[in-house]
Amino acid sequence: MAGLSSSRLLTVAATLMGVGTVGFYNIDGMMAHDAKGHRWINAFYCCVITLTTVGYGDICPSDKLSHLGQIFIISLSFCGLGMFCGPIMDFSSSWKTRIPGGVIGPGLCALGVGILLFTQIEEMSVANAAYLAVITGTTVGYGDLRPATDVGRLATALFAIFVVNVIGGMLEPARDYLSQLCLPPTSTTAKNTKKKKKKKKA
Numbered sequence: 058m059a060g061l062s063s064s065r066l067l068t069v070a071a072t073l074m075g076v077g078t079v080g081f082y083n084i085d086g087m088m089a090h091d092a093k094g095h096r097w098i099n100a101f102y103c104c105v106i107t108l109t110t111v112g113y114g115d116i117c118p119s120d121k122l123s124h125l126g127q128i129f130i131i132s133l134s135f136c137g138l139g140m141f142c143g144p145i146m147d148f149s150s151s152w153k154t155r156i157p158g159g160v161i162g163p164g165l166c167a168l169g170v171g172i173l174l175f176t177q178i179e180e181m182s183v184a185n186a187a188y189l190a191v192i193t194g195t196t197v198g199y200g201d202l203r204p205a206t207d208v209g210r211l212a213t214a215l216f217a218i219f220v221v222n223v224i225g226g227m228l229e230p231a232r233d234y235l236s237q238l239c240l241p242p243t244s245t246t247a248k249n250t251k252k253k254k255k256k257k258k259a
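For reference, each letter of the sequence shown is one residue, going 58 to 259 in the working numbering.
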């Protein structure tokens, strides 16, 4: 991102993920006690899924989240989300400038990578993998489908970091079009409308 130091951005990103991972690992109730897999990997996964706002709600937080855990999540959100979802994820998605096709080319590339990851690592069907890639990339994150293995959770965390802002770019054309529909009529349009009404009355 222009104007910001890449090394400092990476340092801030590593710090946020490090603090988040340690918090999820150590604070009671931050993760489900019966969650399968390596605890440190689960903690990293939960941290990244929180910072990217995907929030599947699969293994974190648990239904026995302590007040300390609630305070930690609120603090991590207020202190980290603005920076992580903004400059850090813009930087991590800067690879999209090397892919032709405007916003569509990189977006399709990101979805293709997601489908490949989820079909190969989590052994999902192509349809389910595509659905999970979109739900993750758009940060909807229902949690009905989610990674279940250590490798899958690591891959999903990295996938989210690198593609959320890319897939978000695919939403811009629809947003721009719908925004145009919501604009008030211009003064010229308003004048023409008044003239037409006067002619009808005459």
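Just so you know, even glycine gets a beta-carbon here, dropped at the ideal spot from N, CA and C.
None of these values were measured; they are calculated from a predicted model.
> Does the region 215 to 225 come close enough to the region 164 to 183 that 3 or more CB-CB pairs lie under 8 Å?
Replying inline: Yes, since at least three Cβ pairs between the region 164 to 183 and the region 215 to 225 fall closer than 8 Å, the two stretches touch.
> Do you know whose CA, among 74, 115 and 159, lies nearest residue 202's CA?
Replying inline: Your numbering for residue 202 matches position 145 in the sequence shown. Checking every option, the nearest Cα to that of residue 202 belongs to 115.
> With 16 as the cutoff for other CB atoms within 10 Å, does residue 210 come out buried or exposed?
Replying inline: Walking along the sequence shown from the start, residue 210 turns up at place 153. With 16 or more Cβ atoms within 10 Å of its Cβ, residue 210 is classed as buried.
> Is the beta carbon of residue 140 less than 8 Å from the beta carbon of residue 208?
Replying inline: Looking up residue 140 in the sequence shown gives position 83. Looking up residue 208 in the sequence shown gives position 151. The answer is no: Cβ separation not under 8 Å.
> For residue 240, does the three-state DSSP call read helix, strand or coil?
Replying inline: Numbered from its first residue, the sequence shown carries residue 240 at position 183. Residue 240 falls in the coil class under three-state DSSP.
>> Which of the three DSSP states is assigned to residue 204 in this structure?
In response: For this step, residue 204 is matched to residue 147 along the sequence shown. Three-state DSSP puts residue 204 in coil, outside helix and strand.
> Run through DSSP, which three-state label would residue 105 get?
Replying inline: As a first step, residue 105 is located in the sequence shown; it is residue number 48 there, counting from the start. Note: residue 105 maps to helix in three-state DSSP.
> Whose C-beta lies closer than 7 Å to the C-beta of residue 217 among residues of the same chain, with five residues either side of it excluded?
Replying inline: In the sequence shown, residue 217 corresponds to position 160, counting from 1. Excluding positions up to five away in sequence, the list reads 105, 106, 109, 111 and 193.
> Within this structure, are the beta carbons of residue 102 and residue 198 separated by less than 8 Å?
Replying inline: The count along the sequence shown starts at 1 and reaches residue 102 at position 45. The count along the sequence shown starts at 1 and reaches residue 198 at position 141. No Cβ-Cβ contact shorter than 8 Å links residue 102 with residue 198.
>> Does residue 121 pass the burial test, meaning 16 or more other C-beta atoms within 10 Å, or should it be called exposed?
In response: Taking the first residue of the sequence shown as position 1, residue 121 is located at position 64. By the Cβ-count criterion, residue 121 is exposed, with fewer than 16 other Cβ atoms from all chains shown falling within 10 Å of its own Cβ.
>> Using a 10 Å radius around the Cβ and a threshold of 16 neighbouring Cβ atoms, would you call residue 78 buried or exposed?
In response: Translated into the one-based positions of the sequence shown, residue 78 becomes position 21. Residue 78 comes out buried.
> residue 94 and residue 126: beta carbons closer than 8 Å?
Replying inline: Start at 1 with the first residue of the sequence shown, and residue 94 comes out as number 37. Start at 1 with the first residue of the sequence shown, and residue 126 comes out as number 69. No, Cβ-Cβ distance for residue 94 and residue 126 is not below 8 Å.
>> Suppose the cutoff is 8 Å on Cβ atoms and the five residues either side in sequence are ignored; what does the same chain contact list for residue 181 look like?
In response: One-based indexing of the sequence shown puts residue 181 at position 124. For residue 181, where only same-chain residues beyond five positions count, the Cβ hits under 8 Å are 175, 189 and 202.
> Which of helix, strand or coil does DSSP assign to residue 79?
Replying inline: Position 22 of the sequence shown, counted from the first residue, corresponds to residue 79. Residue 79: helix per DSSP, three-state reduction.
>> Within a Cβ cutoff of 7 Å, which residues of the same chain sit near residue 149, ignoring the five residues on either side of it in sequence?
In response: Looking up residue 149 in the sequence shown gives position 92. Closer than 7 Å at Cβ, skipping near neighbours: 218 and 219.
>> Considering Cα atoms alone, identify which of 84, 240 and 179 is closest to residue 123.
In response: Within the sequence shown, residue 123 is the residue found at index 66, counting from 1. Nearest option by C-alpha distance: 84.
> Where does residue 197 sit, in a helix, a strand or coil, going by DSSP?
Replying inline: The count along the sequence shown starts at 1 and reaches residue 197 at position 140. In the structure shown, residue 197 sits in coil (DSSP, three-state: anything other than H, G, I, E or B).
> What's the gap between the Cα of residue 240 and the Cα of residue 229?
Replying inline: Locating residue 240 in the sequence shown gives position 183, where the first residue counts as 1. Locating residue 229 in the sequence shown gives position 172, where the first residue counts as 1. Linking residue 240 to residue 229 through their CA atoms gives a straight-line distance of about 16 Å.
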